[in-house]
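Below is one structure, written out as structure tokens; the observations come after it.
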Amino acid sequence: MAFKVMEIRNTEENNRDYAYRILRKSIMMLNLEPGEALSEGELSEVLGMSRTPVHEALILLKNEGLVDILPQRGSKVSCISLNQVKEGYFMRQILEAAIIADIAGTLAPDQMQLLKENLDRQRLLLAGEEPHTEYFIELDDQLHKLLYRFSRRDRIWTAVHSLNSHYDRIRYLDTLVNTVDLNVVLKHHIDLYYYLLLGIPADVDIQKFCRSHLGRFMLDFQKTIAAHPKYFSD
Amino acid sequence: MKLLEKLPGENARTYAVRVLMDNIIRLELAPGSSVSENELSVQMNLSRTPVREALIELSKLELVEILPKRGSYITRIDYDLIEESRFMRLTLEAAVLKLVCAKGLAGEYRARLRENVSRYRDSISGENYSLLMELDNEFHRLIFEAGGKLRTYQVVHRQMIHFDRLRALSLQTSLNSKTLNDHENILYAMEKQDGELAELVMTQHLARHQVEKEELCRRYPDYFVFPEQDWQTSRREEQSNGI
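Given below as structure tokens:
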């Protein structure tokens, strides 16, 4: 298991929440690969805690479809299911189009400011020399999450996230395998910023916008699968 | 508390989650009441670990609140939560309805939906609320299934539990009599492949609870979370009415 703990524990976090956060991130960033076996014993050693909180964290991950727990045979990271990817994409593009339509042109200055700060960080990151895919995706998620929050629908983000873990993994894989130009993604985000600021222009079909923004992975998904056939289950 | 049959191969935790959820939704475990890990494990004849794991899972769904050193409580019904669920469900279900209307309702699903509607019609007088809720759920699940979006249904369904408690309450209070009529109309629109009509009826269907809100809050004040302001307003009204 190529599993290391890179992150410091938050003070308010208990063992289970910490284990959950670290494991989830490792799976999402493919440091724990789809199909890889997970041993509770090893994990608890690396994380420096007893097995019970590790076990509980694995249960939470199982509920999100990120871990398969096989009775008597231990656990493994789930493979990416294309059906789950498709449905995760369906849910997000439908919901986000509705949310954007709902809040566009109605946001308060401090909310616009938060969006702007996020975009500035994206811009800065892409202008720099450092490797940035992982951090960019984090900012990308934060930006989208703000849309749910500004429409007072944080829970929908959380619920969708539970099905979206497969979509998120293929999106990350797509970015790596197909060396996606993140400047195009940034350009979409800037367009979105102006829709939110001024309202959606009459000639913009917001559903189409969401479909193409969130559906980038579909353009090259055959190459993605060919590069890592073992990662996929259907 | 009502126990359920254990499913073949079901482990203790999954069983505990299912039993607790069922009892919470049917209000057998009342909103606001306290639950003890000990008592639950005796009642369900399970050890404490799976019960504790089940409570943790339910706390993620905001059906249970775990207060360190003070025990666990069934959460009260929160209209803000319901509004969020409703938005999610309506948005997604309307999209799926349009998909189904565009490609046509397959014969198999047409038959199953018709069967569902006629069973609902026959069951109304029996006042078997669990059955009516099951049939209602099945009707909506069939729509998602017909659109090839069953996983989406599962996510929506999980989020709908807050809404479900309200449905249980309104069924038991016999306020809601429109369900059958709405289902008939939605099915009609799907058969006619009229996406616009389907969406319109679905929107009405999922907004019915707003009408009953006031009456339910008045009859069961302990079951609901009142936003600070509303609560104060209703207190003032009560006082000015001399209650």
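Quick mapping for you: the protein sequence lines, in order, are chains A and B.
All letters in the first sequence, in the order written, are residues 0 to 233 by numbering that gives the first Met the number 0.
All letters in the second sequence, in the order written, are residues 0 to 242 by numbering that gives the first Met the number 0.
Glycine residues also receive a C-beta, built at the ideal position from the N, C-alpha and C atoms.
Taking the Cβ atom as the reference point for each residue, do residue i and residue j lie within a distance shorter than 8 Å?
| i | j | result |
| --- | --- | --- |
| A:F89 | B:K97 | no |
| A:S77 | A:L69 | no |
| B:A167 | B:M189 | no |
| B:R111 | B:L179 | no |
| B:P49 | B:R12 | yes |
| A:F135 | A:L181 | yes |
| B:E61 | B:Y72 | no |
| A:S150 | A:D101 | yes |
| A:N117 | A:L142 | yes |
| B:E211 | B:S169 | yes |
| B:P30 | B:I81 | no |
| B:A28 | B:M0 | One detail in the question is off: residue 28 of chain B reads as Leu in this sequence, not Ala. Yes. Within cutoff. |
| A:V183 | A:D139 | no |
| A:R154 | B:E83 | yes |
| A:L191 | A:L106 | no |
| A:S74 | A:L37 | yes |
| A:D233 | A:S80 | yes |
| B:A145 | B:V116 | no |
| B:D135 | B:I24 | no |
Given that residue i touches chain B, what residues does it touch there, using C-beta distances under 9 Å?
| i | result |
| --- | --- |
| A:R162 | Here residue 162 of chain A is Leu; the residue named in the question, Arg, does not match the sequence. Within 9 Å Cβ-Cβ: R150, T151, Q153 and V154. |
Which bits of chain B does residue i rub up against, with CB to CB less than 8 Å?
| i | result |
| --- | --- |
| A:Q83 | R150 |
| A:I93 | T90, L91 and A94 |
| A:E55 | E52 and I55 |
| A:M90 | L91, T151 and V154 |
| A:E86 | K148, R150 and T151 |
Quick one: list the residues of chain A neighbouring residue i, beta-carbon separation under 8 Å, in chain order.
| i | result |
| --- | --- |
| B:F86 | A97, R152 and I155 |
| B:Q158 | R154, I155 and A158 |
Could you tell me the boundaries of the beta strand (DSSP E) in which residue i lies?
| i | result |
| --- | --- |
| A:S74 | G73 to V76 |
Going by DSSP, what residue range makes up the alpha helix (DSSP H) through residue i?
| i | result |
| --- | --- |
| B:D121 | G106 to S122 |
| B:M159 | First-last for B:M159: undefined, no H or E at that position. |
| B:A188 | T178 to E190 |
| B:A206 | Here B:A206 belongs to no alpha helix (DSSP H), and DSSP marks it neither H nor E. |
| A:M27 | N14 to M27 |
| B:H139 | Y128 to A145 |
| A:N9 | Where A:N9 is concerned, there is no enclosing alpha helix (DSSP H), given that its DSSP letter is neither H nor E. |
| A:F220 | F220 to A226 |
| B:Y14 | A11 to I24 |
| A:F208 | I205 to L213 |
Straight-line CA distance for residue i to residue j?
| i | j | result |
| --- | --- | --- |
| B:Y78 | B:T172 | 18 Å |
| B:S46 | B:L19 | 15 Å |
| A:D204 | A:G104 | 16 Å |
| B:Y222 | B:D181 | 27 Å |
| A:E11 | A:S164 | 25 Å |
| A:H131 | A:G198 | 31 Å |
| B:Q209 | B:R88 | 15 Å |
| B:E126 | A:I189 | 55 Å |
| B:I123 | A:Q71 | 46 Å |
| A:N9 | A:Y19 | 13 Å |
| B:E236 | B:R217 | At B:E236, the pLDDT of 47 sits below 50, so the modelled position is not reliable and the matter cannot be decided from this model. |
| B:M201 | A:G47 | 52 Å |
| A:L113 | A:T174 | 25 Å |
| A:A56 | A:D16 | 7 Å |
| B:V155 | A:E128 | 42 Å |
| B:S40 | B:I55 | 14 Å |
| B:R234 | B:P220 | Because the pLDDT at B:R234 is just 46, under 50, the model does not fix this residue reliably, and the point stays unresolved. |
| A:L59 | A:R23 | 10 Å |
| A:L123 | A:E137 | 14 Å |
| A:R210 | A:T223 | 19 Å |
| A:R215 | B:F86 | 26 Å |
| B:A197 | B:I185 | 5 Å |
| A:V159 | A:V84 | 12 Å |
| B:R109 | A:E41 | 52 Å |
| A:L94 | A:R148 | 13 Å |
| B:T74 | B:E195 | 37 Å |
| B:Q238 | B:F225 | Annotation note: pLDDT 49 at B:Q238 (below 50); position unreliable, coordinate value reported separately. Their backbone Cα atoms lie some 17 Å apart in a straight line. |
| B:L199 | B:A101 | 16 Å |
In chain A, which residues lie with their C-beta within 9 Å of the C-beta of residue i?
| i | result |
| --- | --- |
| B:E56 | I58, L59 and N62 |
For a contact meaning CB atoms closer than 7 Å, what does residue i contact in chain A?
| i | result |
| --- | --- |
| B:E83 | R152, R154 and I155 |
Answer yes or no: does any C-beta atom of chain D fall closer than 8 Å to that of residue i?
| i | result |
| --- | --- |
| A:L22 | Looking at the structure shown, chain D is missing, and the protein chains on hand are A and B. |
* To do: Entirely within the region 36-84 of chain B and at least 4 residues each: give me those alpha helix (DSSP H) ranges in chain order.
  => 36-43 and 47-59
* Asked: What are the uninterrupted segments assigned as beta strand (DSSP E) that are 3 or more residues long and contained completely in the region 67-136 of chain A, given in chain order?
  -> 73-76
* Length-filtered (3 minimum) beta strand (DSSP E) runs lying within the region 154-193 of chain A -> none
* Asked: Mind pulling the alpha helix (DSSP H) runs of 4 or more residues that sit fully within the region 45-69 of chain A?
  -> 50-62
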